[in-house]
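UniProt numbering puts the last residue of the sequence shown at 397; the count rises by one with no breaks.
These notes are about the structure you will find just below.
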Amino acid sequence: DQPRRRAGRHMLQIPGPSNTPDRILRAMDGAVMDHRGPDFAGLGRRALEGMQSIFRTEHPVVIYPASGTGAWEAALVNTLSPGDRVLMYETGHFASLWAKLARRIGLEPEVIEGDWRSGADPEAIARRLGVDREHEIRAVCVVHNETSTGSVSPISEIRRAIDETGHPALLMVDTISGLASIPYEHDGWGVDVTVTGSQKGLMLPPGLSFNALSPKALAASEASRMPRSYWSWDEMLGPNGKGYFPYTPATNMLYGLVEAIDMLHEEGLENVFARHARHGAATRAAVRAWGLEVLCNKQGHESGVLTAVLMPEGHSADAFRATVLEAFDMSLGNGLSKIADKVFRIGHLGDFNDLMLMATLSGIEMGLARAGVPHRPGGARAAMNHLTETEAPRAA
Ligand code: PLP
Numbered sequence: 002d003q004p005r006r007r008a009g010r011h012m013l014q015i016p017g018p019s020n021t022p023d024r025i026l027r028a029m030d031g032a033v034m035d036h037r038g039p040d041f042a043g044l045g046r047r048a049l050e051g052m053q054s055i056f057r058t059e060h061p062v063v064i065y066p067a068s069g070t071g072a073w074e075a076a077l078v079n080t081l082s083p084g085d086r087v088l089m090y091e092t093g094h095f096a097s098l099w100a101k102l103a104r105r106i107g108l109e110p111e112v113i114e115g116d117w118r119s120g121a122d123p124e125a126i127a128r129r130l131g132v133d134r135e136h137e138i139r140a141v142c143v144v145h146n147e148t149s150t151g152s153v154s155p156i157s158e159i160r161r162a163i164d165e166t167g168h169p170a171l172l173m174v175d176t177i178s179g180l181a182s183i184p185y186e187h188d189g190w191g192v193d194v195t196v197t198g199s200q201k202g203l204m205l206p207p208g209l210s211f212n213a214l215s216p217k218a219l220a221a222s223e224a225s226r227m228p229r230s231y232w233s234w235d236e237m238l239g240p241n242g243k244g245y246f247p248y249t250p251a252t253n254m255l256y257g258l259v260e261a262i263d264m265l266h267e268e269g270l271e272n273v274f275a276r277h278a279r280h281g282a283a284t285r286a287a288v289r290a291w292g293l294e295v296l297c298n299k300q301g302h303e304s305g306v307l308t309a310v311l312m313p314e315g316h317s318a319d320a321f322r323a324t325v326l327e328a329f330d331m332s333l334g335n336g337l338s339k340i341a342d343k344v345f346r347i348g349h350l351g352d353f354n355d356l357m358l359m360a361t362l363s364g365i366e367m368g369l370a371r372a373g374v375p376h377r378p379g380g381a382r383a384a385m386n387h388l389t390e391t392e393a394p395r396a397a
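Below is the structure:
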């Protein structure tokens, strides 16, 4: 079967991978260099130090040639010991996958169940830690931006709640889809291990993932007894100090990474965050004008990265997404596990501007009509009004 040629650009509006800008693709299009040679150290240092500026940390960052799942595993195997209890908050599908991973590698996750419509509740975490008098819980794991639901967890409030109990558990945060799109402060919020990936706010293709560490996490790694080799921070940190890696790094992804970091700083991180917040608000205005429901129902927890939309009863989200793909060449995110076919997800992250948002929302509004989904027209107009009434952030 000959694939049908489609004119114009495909609209990749899933909540990651996000659109990789041409400038990053061009930066990656270079000769592979000797990763043990003298020229490599400059690239390695720029990547490592640049990522410290994005995580907002003065402590070490580790870069893996792996998807985000690898960095999830790295966070756990570097800090914990077999049979350790970890408190994990189930904000959605990705939080439950992290708990499954923890169980498979021999940890004992204890899951606080959420309703998948909001971020983690600091008080629920504090209540559980408060009765853990023996300090059996070694770590609290939270997903910052839950990509399956479009809800954001209040990480600094969770840190404060943990501190108020006096409990010594480590705080580990997955901001795979949050970093470089919505505010994040590894040091400022007192996070011990932050996990992220390349394919969302960093605007890169999938393939790199990261851990940011704290001094407390580094101390825990010395006592930790989980078997590990490839993921070992200690193997990394020695060579990293000179700009090198213990094994062959993903050289061309690093070319792209340093370009992405430059682009984020050229725009200014605060402007990047404001841009995402504004696009999130415009998208929610569109959804409400259509008479549909945003999955995240807790004010202040709505994500600037993506918006998950509940389908009206009796209508298939997947059939709707298939209509949009077929008619308008746009990919929207699917509902995952228990909300499969019940929601579709609109990605508004990464290298994204007002007109890209308007194209996305127009495609959805036309798709709703075409697929016969009950809605009120005018969502795209409501988003346009929001964009017109709020000023676009300017580059610093
Ligand atoms: N955590 C979150 C919040 C994610 O969004 C994803 C992927 O979308 C993952 C973890 C898993 O990352 P990966 O698919 O890169 O292994």
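A virtual CB, placed ideally from N, CA and C, is assigned to each residue, including glycine.
Since the structure is predicted, the reported quantities are computational estimates derived from the model, not experimental observations.
Boundaries of the beta strand (DSSP E) in which Met138 is found, first to last residue
Per the sequence shown, residue 138 should be read as Ile rather than Met. That run of the beta strand (DSSP E) goes Ile138 to Val144.
Cutoff 9 Å: Pro123 Cβ touching any chain D Cβ:
Among the chains in the structure shown there is no chain D, since it carries only a single protein chain.
Report yes if the CB atom of Leu270 is closer than 9 Å to the CB atom of Ile15, and no otherwise.
Here Leu270 is not near Ile15, since their CB atoms are 9 Å or more apart.
Rounded to whole angstroms, what is the Cα-Cα separation between Gly71 and Met227?
Just so you know, the alpha carbons of Gly71 and Met227 end up roughly 15 Å apart.
Neighbourhood of Gly368 by C-beta distance below 7 Å, restricted to the same chain and skipping five residues each side:
Phe321, Thr324, Val325, Ala328 and Phe329.
Is the distance from the Cβ of Ala282 to the Cβ of His387 below 9 Å?
Yes; because the gap between Cβ atoms is below 9 Å, this pair is in contact.
At a cut-off of 8 Å, is Glu91 close to ligand 1 when judged by its beta-carbon and the heavy atoms of the ligand?
Proximity of the beta carbon of Glu91 to ligand 1 is not indicated: no heavy atom of the ligand is located closer than 8 Å.
Counting pairs of beta carbons, one from the stretch 171–186 and one from the stretch 129–149, are three or more of them closer than 8 Å?
The stretch 171–186, when compared against the stretch 129–149, does touch it at the 8 Å Cβ threshold.
Go through the stretch 98–155 residue by residue and report every complete run of the alpha helix (DSSP H) that reaches 4 residues or more, in order.
Listed in chain order, the complete alpha helix (DSSP H) runs (minimum 4 residues) inside the stretch 98–155 are 123–131.
Just to confirm my understanding: we take Gly379, look at its own chain, exclude 5 residues before and 5 after, and list those with CB closer than 6 Å. What are they?
Hits under 6 Å: Ala290.
What's the C-alpha gap between Ser332 and Asn20?
Using only the alpha carbons, I get a separation of about 12 Å.
What's the C-alpha gap between Thr58 and Lys217?
The alpha-carbon atoms of Thr58 and Lys217 are separated by roughly 14 Å.
For Ala397, which of helix, strand or coil comes out of DSSP?
Since pLDDT at Ala397 reaches only 46, below the 50 mark, its modelled position is unreliable, and the value read off the structure follows with that caveat. Looking at Ala397 - three-state DSSP - the assignment turns out to be coil, as it is neither helix nor strand.
Which class does residue 448 belong to by DSSP, given the choice of helix, strand or coil?
No information on residue 448 is available, as it lies outside the stretch 2 to 397 that the chain covers here.
Specify, as a first and last residue, the run of the beta strand (DSSP E) that Asp175 falls within.
First-last of the beta strand (DSSP E) with Asp175: Leu171 to Asp175.
Runs of alpha helix (DSSP H) lying entirely within the stretch 282–355, each at least 4 residues, in chain order
Fully contained in the stretch 282–355 are the following alpha helix (DSSP H) runs of length 4 or more, in chain order: 318–329.
Selected residue, minimal CA-CA separation from Gly45, among Lys243, Ala372, Ala162 and Pro313:
It is Lys243.
Would you call the CB atoms of Leu337 and Ile347 closer than 9 Å?
Judged by their CB atoms, Leu337 and Ile347 are not nearer to each other than the 9 Å cut-off.
Kindly indicate the opening and closing residues of the alpha helix (DSSP H) around Asn212.
From DSSP, Asn212 is part of no alpha helix (DSSP H) but of the beta strand (DSSP E) over Ser210 to Leu214.
So for Glu392, helix, strand or coil by DSSP?
Residue state, collapsed to three classes: coil.
Ala201: CB within 8 Å of a non-hydrogen atom of ligand 1:
Contrary to the premise, residue 201 reads as Lys rather than Ala in this sequence. Within the cutoff, so yes.
Should Lys201 go down as buried or exposed, given a rule of 16 or more other Cβ atoms within 10 Å for buried?
Counting the other CB atoms within 10 Å of its CB gives Lys201 a total of 16 or more, which places it among the buried residues.
Which residues in the same chain as Glu186 place their Cβ atom closer than 6 Å to its Cβ, once the five residues preceding and following it in sequence are excluded?
Here Glu186 has Arg57 as same chain residues with Cβ atoms under 6 Å from its own Cβ, once five neighbours each way along the sequence are excluded.
Does the Cβ of Gly379 lie closer than 8 Å to at least one heavy atom of ligand 1?
Of the heavy atoms belonging to ligand 1, none sits nearer than 8 Å to the Cβ of Gly379.
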